[in-house]
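Remarks on the structure that follows.
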Amino acid sequence: MQIGEVAARTELSLRTIRHYEETGLVTPSARSQGGFRLYTENDVARLMVVRRMKPLGFTLDQMRDLLDATDRLDADANAATDADAVLAPDERDALLERVRSYQQAAAEQVEKLRVQLSRAEDFEGTLRARLERNTPSARL
Numbered sequence: 003m004q005i006g007e008v009a010a011r012t013e014l015s016l017r018t019i020r021h022y023e024e025t026g027l028v029t030p031s032a033r034s035q036g037g038f039r040l041y042t043e044n045d046v047a048r049l050m051v052v053r054r055m056k057p058l059g060f061t062l063d064q065m066r067d068l069l070d071a072t073d074r075l076d077a078d079a080n081a082a083t084d085a086d087a088v089l090a091p092d093e094r095d096a097l098l099e100r101v102r103s104y105q106q107a108a109a110e111q112v113e114k115l116r117v118q119l120s121r122a123e124d125f126e127g128t129l130r131a132r133l134e135r136n137t138p139s140a141r142l
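Numbering-wise, the sequence shown is residues 3 to 142 according to my numbering.
Here it is, written out as structure tokens:
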């Protein structure tokens, strides 16, 4: 698919997708004869990982590191036989630990966001209650 369709599916701007390409996070799988970027479902999935990491405060380097780890784990899992395995067991364990550390960091950020959301909802409720108490129609 072309970049416009990818932008619509991921809710990312064309500029953002191009930026992620420039930084090496996501590379189009191909180019059309006219030079247009062409993306696959896997490319879209990578962009969705990046899109989900961004609001949790992960840096571009962290995004790149996680994508590298998951790419290597996926390549190993897709090997046809154990003889084709790409990773040594200790390397696989190290990659799994890297992914686990990102999962734990994401869980911590999610909890912080839940606290922030709760406080924001309390604040909004306080303001709503104040408006209801002070609106002339509420006094009738």
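Glycine residues also receive a C-beta, built at the ideal position from the N, C-alpha and C atoms.
Nearest candidate by alpha-carbon position, reference residue 46, set 39, 34, 58 and 11 = For this step, residue 46 is matched to residue 44 along the sequence shown. Residue 11 is the option with its Cα nearest to residue 46.
request  = Would you give the residue range spanned by the alpha helix (DSSP H) that residue 134 belongs to?
outcome  = If you number the sequence shown from 1, residue 134 lands on position 132. Where residue 134 is concerned, the enclosing alpha helix (DSSP H) stretches over 91-136.
message = In this structure, how does DSSP classify residue 4 when only helix, strand and coil are distinguished?
response = What you label residue 4 is simply residue 2 of the sequence shown in a count that begins at 1. Residue state, collapsed to three classes: strand.
key: Where residue 122 falls, given that 16 or more other Cβ within 10 Å makes a residue buried   = In the sequence shown, counting from the first residue as 1, residue 122 sits at position 120. Answer is exposed; the Cβ neighbour count stays below 16.
query = With distances taken between CB atoms, is the gap from residue 18 to residue 31 smaller than 8 angstroms?
reply = For the purposes of this step, residue 18 is identified with residue 16 of the sequence shown, where counting begins at 1. For the purposes of this step, residue 31 is identified with residue 29 of the sequence shown, where counting begins at 1. No, they are not a contact pair.
inquiry  = For residue 38, count the other beta carbons within 10 Å of its own beta carbon; 16 or more makes it buried, fewer makes it exposed. Which is it?
reply    = As a working mapping, residue 38 is identified with position 36 in the sequence shown. Residue 38 comes out exposed.
message = With three or more C-beta pairs closer than 8 angstroms as the rule, is the segment 53-71 touching the segment 97-115?
response = With the cut-off at 8 angstroms, the segment 97-115 and the segment 53-71 touch.
inquiry  = Among the candidates 4, 79 and 136, whose CA atom is the shortest distance from the CA of residue 35?
reply    = Here residue 35 is taken as the residue at index 33 of the sequence shown, counted from 1. Relative to the Cα of residue 35, the nearest Cα in the group 4, 79 and 136 belongs to 4.
task = Apply the 10 Å Cβ neighbour rule to residue 90 and answer buried if 16 or more other Cβ atoms are within range, or exposed otherwise.
result = Within the sequence shown, the letter at position 88 stands for residue 90. When all chains shown are included, residue 90 counts as exposed.
CA nearest to the CA of residue 75, picked from 54, 98, 113 and 6 = Along the sequence shown, one-based indexing puts residue 75 at 73. Residue 75 has its Cα closest to that of 98, out of 54, 98, 113 and 6.
ask   = Leaving out the 5 sequence neighbours to the left and right, which residues in its chain are closer than 8 angstroms to residue 26 when beta-carbon positions are compared?
value = In the sequence shown, the residue the question calls residue 26 occupies position 24. The beta carbon of residue 26 sits closer than 8 angstroms to the beta carbons of 66 from its chain, once the five residues preceding and following it are set aside; these are given in chain order.
Residues of its chain near residue 96, where Cβ-Cβ distance is below 8 angstroms and the 5 sequence neighbours each way are ignored = Stepping through the sequence shown from its first residue, residue 96 is reached at position 94. Taken in chain order, the list of residues that qualify is empty.
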